[in-house]
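S.K.: Structure below; questions to follow.
2 protein chains.
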Amino acid sequence: MGGDFAPQVTVEGAHAALAHLSPGTTLVLFGDRSALAAADRWGVLDDPRVETVHTAEVIAMGDHPVKAFAQKSDSSIVVGFRHLCSGDIAGFASAGSTGAMMVGCMQAVGQIEGVIRPAIATALRTVRGSDVLLLDVGLNADCKPEVLAQYGTIGSIYARTTLGIERPRVALLNIGEEPEKGNLLTKATFPLMEQCGAAGAYDFVGNIEGKHLLSGEVADVVVCDGFSGNTLLKTIEGFHRILQLQGVEGTFMEGLNYERVGGTPVLGINSTVIIGHGCSSVLAVTNMIRLTERAARTDMVSQFKQAFNH
Amino acid sequence: MGGDFAPQVTVEGAHAALAHLSPGTTLVLFGDRSALAAADRWGVLDDPRVETVHTAEVIAMGDHPVKAFAQKSDSSIVVGFRHLCSGDIAGFASAGSTGAMMVGCMQAVGQIEGVIRPAIATALRTVRGSDVLLLDVGLNADCKPEVLAQYGTIGSIYARTTLGIERPRVALLNIGEEPEKGNLLTKATFPLMEQCGAAGAYDFVGNIEGKHLLSGEVADVVVCDGFSGNTLLKTIEGFHRILQLQGVEGTFMEGLNYERVGGTPVLGINSTVIIGHGCSSVLAVTNMIRLTERAARTDMVSQFKQAFNH
């Protein structure tokens, strides 16, 4: 029950998500039970598909993530990860402290053997209405070529299992389309991704420039270092925000609303974890829950293991 | 007289630019004189403010820039640079081969002593109607911290002299606002830029995230490596193009039209050089000429020399 506007927004988001859950899915809410009850104007807690786990502590935004994760053992994030690791829940999401969520991913869940660096990914809606997955968007500001080449596999598996893209086209974000273009990193990455493509790890389609990202014509998965990905994402967000304030509307604009996606998956770890924006709205929380269910119902994690444990 | 649509578009652009030139400015056109005459439906060549210099060769887009610059000594680009270096003209612009233009900048004009790496810059129009200068946007895909710190000085001088911003606020493009955020490059650059700020080289305001770039609220000059800058620029172009195709209009959208700026200055070299888009339209050529005049009439180059020759 994290996030700047918890528990009100979170409970309302849970209420809205219930309408979309698949049969057999149970929604487990972690948080202060009396606060949850006080915020529950929809009877969410009485729904037979909902379980609550009482937690008494709160990891605040100012807390040091590693320390807080170690010390606040009765916070919703720590208890949630405990349930995730014991298999009581199949996926875990929170709009609480991003830092603590990452500590949970790395310390409690752990990265998949063979994965050099996990990534966080964002799916953007293209003008064609398809999704394009961008990774990494900020977990690894400095990447080695081998890490980017692996992101092709990681992104491809997520796109296939969770986004439903049958044969994702994987491209390398670059400043030119020709193989020899780029900075030292992308120049060294290109041949590695070409090898991955030749070996059948994924469908490598070459370089993509930022101008083609949202066209949907070139790639479904775009691989980049976390600095570039984060910059690109935030630039699009800023541009989108300005246009929104100016009253520009339409399907394309709507598709770029972050609330539509609801959260950022952490990929390359041993379970399904989605991190929501701290300032998540009801719609964002709803979609965060729906995304977590969708991802947890796939065999994404076992596909990661199969791809890297050889 | 370079560019994909030369000489027609170029002559028409020259015609339109003449209406805006300051008294005392002469516009010198380099190109095949009979082709220019054939394209001249406006009497541009008869204007007393226009001179033509006949050139017989053409550097084609497929030509190797270094070889072409060495061998095609009677092309408009090579002859133009000769006139620039001899002081016959005060500024030079072309929408022809970008590669050959860069060879001219580095070999014929040369970089200013003390400048580690020249940069290319793009001014974007913010939502407030002000300009924000982004550099580097593609000349140096891999930058050292010292290079980025210098870009603060270079960008600041250009913003002051040519964009008319009295006291430009200089920021470092980063993935967080706090000084300790970033990748290895930006983390190492921050303290150097802080020192430059303390020494009065420019007004360093700290980190800026992509989402604040076009707000105009944080910075007038944004410094980044050429990979990030080029990616960011092309992403904005792509986003802008999609919205344009969807019929989105307004001042903000118009301001982001590249034709409004007309060309990219090469900064940190011993003269004024503007490189236009290959696919420049009449409006883009017009503005390329106007920008060249504006920059050439300032003391930008001597300010660069003063800043770095100590």
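Residue numbers (the numbering used here), protein chains in the order written: chain A, -8 to 301; chain B, -8 to 301. The beta carbon of each residue, even a glycine, is placed where N, CA and C say it ideally should be. Please read all numbers here as calculations on a predicted model, not as lab measurements.
1. Given a cut-off of 8 Å on the beta-carbon distance, is the pair M244(B) and L236(B) in contact?
2. Grab the span of the beta strand (DSSP E) containing A366(A) for me, first residue to last.
3. Out of A298(B), I266(B) and L274(B), which has the shortest C-alpha to C-alpha gap to G82(B)?
4. Within 8 Å of any Cβ in chain B, is that where the Cβ of F181(A) sits?
5. If you compare alpha carbons, which of T17(B), S13(B) and V44(B) is closest to A28(B)?
6. Using a Cβ cut-off of 8 Å (strictly closer), state whether A91(A) contacts chain B.
7. Give a yes or no on contact between the stretch 173 to 190 of chain A and the stretch 120 to 128 of chain A, applying the rule of three or more CB pairs nearer than 8 Å.
8. Could you check if A10(A) is buried or exposed, using at least 16 other CB atoms within 10 Å of its CB as the buried criterion?
9. Out of R281(B), V292(B) and R232(B), point me to the one whose CA is closest to N261(B)'s CA.
10. Under 8 Å between C-beta atoms, does V214(A) make it to chain B?
11. Where does R160(A) fall in DSSP's three states?
12. Please classify G259(B): does DSSP put it in a helix, a strand, or coil?
13. Could you tell me the boundaries of the beta strand (DSSP E) in which G155(A) lies?
14. Taking 8 Å as the CB-CB limit, is G173(B) close to chain A?
15. What are the complete alpha helix (DSSP H) segments, minimum 4 residues, inside the stretch 195 to 248 of chain A?
16. Do N165(A) and I199(A) have their C-beta atoms within less than 8 Å of each other?
17. Within its chain, find whatever has a CB closer than 7 Å to the CB of E185(A); leave out the 5 residues flanking it on each side and keep chain order.
18. On the criterion of 16 or more Cβ atoms from any shown chain inside 10 Å, does P14(A) qualify as buried, or is it exposed?
19. Taking contact to mean 3 or more Cβ pairs, one atom from each stretch, closer than 8 Å, check whether the stretch -8 to 3 of chain B and the stretch 267 to 286 of chain B are in contact.
20. Please state whether the Cβ-Cβ distance between N300(A) and E137(A) is less than 8 Å.
21. Please report the straight-line C-alpha distance between T1(B) and Y142(B), rounded to a whole angstrom.
22. Residues bridged to L12(B) by DSSP?
23. Under 7 Å between beta-carbons, which chain A residues line up against V118(B)? List them in chain order, please.
24. Please classify R302(A) as buried or exposed, where buried requires at least 16 neighbouring CB atoms within 10 angstroms.
25. If the criterion is Cβ atoms closer than 8 Å, does the pair T46(A) and V70(A) meet it?
26. How would you call D31(A), buried or exposed, if buried means at least 16 neighbouring beta carbons within 10 angstroms?
27. First and last residue of the beta strand (DSSP E) that includes G71(B)?
28. Excluding the five sequence neighbours on either side, which residues of its own chain have a C-beta within less than 7 Å of the C-beta of G254(B), listed in chain order?
29. Name the two residues that bound the continuous alpha helix (DSSP H) containing A179(B).
30. State yes or no: is the C-beta of C134(B) within less than 8 Å of the C-beta of G201(B)?
31. Could you say which of H74(B), Q98(B), A132(B) and A287(B) lies nearest to P256(B) if we only look at CA atoms?
32. Are any of the Cβ atoms in chain B nearer than 8 Å to that of N303(A)?
33. Hey, does A162(B) have any beta-carbon neighbour from chain A nearer than 8 Å?
34. Would you report the Cα separation of G34(B) and C187(B), rounded to the nearest angstrom?
35. Excluding the five sequence neighbours on either side, which residues of its own chain have a C-beta within less than 6 Å of the C-beta of A59(A), listed in chain order?
36. Identify, in the order they occur along the chain, each residue of the same chain with its Cβ nearer than 6 Å to the Cβ of Q102(A), setting aside the five sequence neighbours on each side.
M.R.: So, to answer that:
1. Position 253 of the second sequence, counted from the start, is the residue given in the question as residue 244(B). Position 245 of the second sequence, counted from the start, is the residue given in the question as residue 236(B). Taking 8 Å as the cut-off, the Cβ atoms of M244(B) and L236(B) do not count as close.
2. Given a span of -8 to 301 for chain A in the structure shown, any question on residue 366(A) remains unanswerable.
3. Within the second sequence, residue 82(B) is the residue found at index 91, counting from 1. Residue I266(B) holds the alpha-carbon nearest to the alpha-carbon of G82(B) among A298(B), I266(B) and L274(B).
4. Taking the first sequence and counting its residues from 1, the one referred to as residue 181(A) is at position 190. Answer no: the Cβ-Cβ gap between F181(A) and chain B never drops below 8 Å.
5. Numbered from 1 along the second sequence, position 37 holds the residue referred to as residue 28(B). It is V44(B).
6. Along the first sequence, read from residue 1 onward, the residue named residue 91(A) stands at position 100. For A91(A), the answer is no, since every Cβ of chain B falls outside 8 Å of its Cβ.
7. The stretch 173 to 190 of chain A makes no contact with the stretch 120 to 128 of chain A; the number of CB pairs closer than 8 Å stays below 3.
8. The residue given as residue 10(A) occupies position 19 in the first sequence. Per the 10 Å Cβ criterion, exposed.
9. Stepping through the second sequence from its first residue, residue 261(B) is reached at position 270. Taking each of R281(B), V292(B) and R232(B) in turn and checking the Cα distance to N261(B), the smallest one comes out for V292(B).
10. The residue labelled residue 214(A) in the question sits at position 223 within the first sequence. Among the CB atoms of chain B, none fall inside 8 Å of the CB of V214(A).
11. Taking the first residue of the first sequence as position 1, residue 160(A) is located at position 169. Under the three-state reduction of DSSP, R160(A) is assigned to strand.
12. Locating residue 259(B) in the second sequence gives position 268, counting from the first residue. Coil at G259(B), not helix or strand.
13. Residue 155(A) sits at position 164 when you count from the first residue of the first sequence. That residue, G155(A), is in no beta strand (DSSP E); it is neither H nor E in DSSP.
14. Residue 173(B) sits at position 182 when you count from the first residue of the second sequence. Yes, G173(B) counts as interfacial toward chain A.
15. Entirely contained in the stretch 195 to 248 of chain A, the alpha helix (DSSP H) runs reaching 4 residues are, in chain order, 217 to 236 and 242 to 246.
16. Along the first sequence, read from residue 1 onward, the residue named residue 165(A) stands at position 174. Along the first sequence, read from residue 1 onward, the residue named residue 199(A) stands at position 208. Contact flag set, yes.
17. Start at 1 with the first residue of the first sequence, and residue 185(A) comes out as number 194. Setting aside the 5 residues that flank it on each side, E185(A) is surrounded in the same chain by F195, each with a C-beta closer than 7 Å to its C-beta; the list follows chain order.
18. Along the first sequence, read from residue 1 onward, the residue named residue 14(A) stands at position 23. Around the CB of P14(A), fewer than 16 other CB atoms lie within 10 Å, so the residue is classed as exposed.
19. Three or more pairs of CB atoms, one per stretch, sit closer than 8 Å, so the stretch -8 to 3 of chain B contacts the stretch 267 to 286 of chain B.
20. The residue given as residue 300(A) occupies position 309 in the first sequence. The residue given as residue 137(A) occupies position 146 in the first sequence. No, Cβ-Cβ distance for N300(A) and E137(A) is not below 8 Å.
21. Here residue 1(B) corresponds to residue number 10 of the second sequence, with the count starting at 1. Here residue 142(B) corresponds to residue number 151 of the second sequence, with the count starting at 1. When rounded, the distance between both Cα atoms is 31 Å.
22. As a position in the second sequence, residue 12(B) is number 21, starting the count at 1. DSSP lists no beta-bridge partner residue for L12(B).
23. Taking the first residue of the second sequence as position 1, residue 118(B) is located at position 127. Within chain A, the residues whose beta carbon sits less than 7 Å from that of V118(B) are I233, listed in sequence order.
24. The displayed coordinates of chain A run from -8 to 301. Any statement about residue 302(A) would go beyond what the structure contains.
25. Walking along the first sequence from the start, residue 46(A) turns up at place 55. Walking along the first sequence from the start, residue 70(A) turns up at place 79. Contact flag set, yes.
26. Here residue 31(A) corresponds to residue number 40 of the first sequence, with the count starting at 1. Per the 10 Å Cβ criterion, buried.
27. Residue mapping note: residue 71(B) aligns to position 80 of the second sequence, counting from 1. Not the beta strand (DSSP E): G71(B) falls in the alpha helix (DSSP H), residues S67 to C76.
28. Counted from its first residue, the second sequence places residue 254(B) at position 263. Taken in chain order, the residues that qualify are A84, I265, I266, G267, M279 and L282.
29. As a working note, residue 179(B) is residue 188 in the second sequence. That run of the alpha helix (DSSP H) goes L175 to A189.
30. Taking the first residue of the second sequence as position 1, residue 134(B) is located at position 143. Taking the first residue of the second sequence as position 1, residue 201(B) is located at position 210. Cβ distance not < 8 Å, so C134(B) and G201(B) don't count as in contact.
31. Your numbering for residue 256(B) matches position 265 in the second sequence. The candidate whose alpha carbon is nearest that of P256(B) is A287(B).
32. The first residue shown for chain A is -8 and the last is 301, placing residue 303(A) beyond what the model contains.
33. Stepping through the second sequence from its first residue, residue 162(B) is reached at position 171. No, A162(B) does not count as interfacial toward chain A.
34. Taking the first residue of the second sequence as 1, we reach residue 34(B) at position 43. Taking the first residue of the second sequence as 1, we reach residue 187(B) at position 196. The alpha-carbon atoms of G34(B) and C187(B) are separated by roughly 51 Å.
35. Along the first sequence, read from residue 1 onward, the residue named residue 59(A) stands at position 68. Excluding residues within five positions, the ones whose Cβ falls inside 6 Å are I50 and A91.
36. Along the first sequence, one-based indexing puts residue 102(A) at 111. Only P109, G259 and I260 meet the Cβ criterion.
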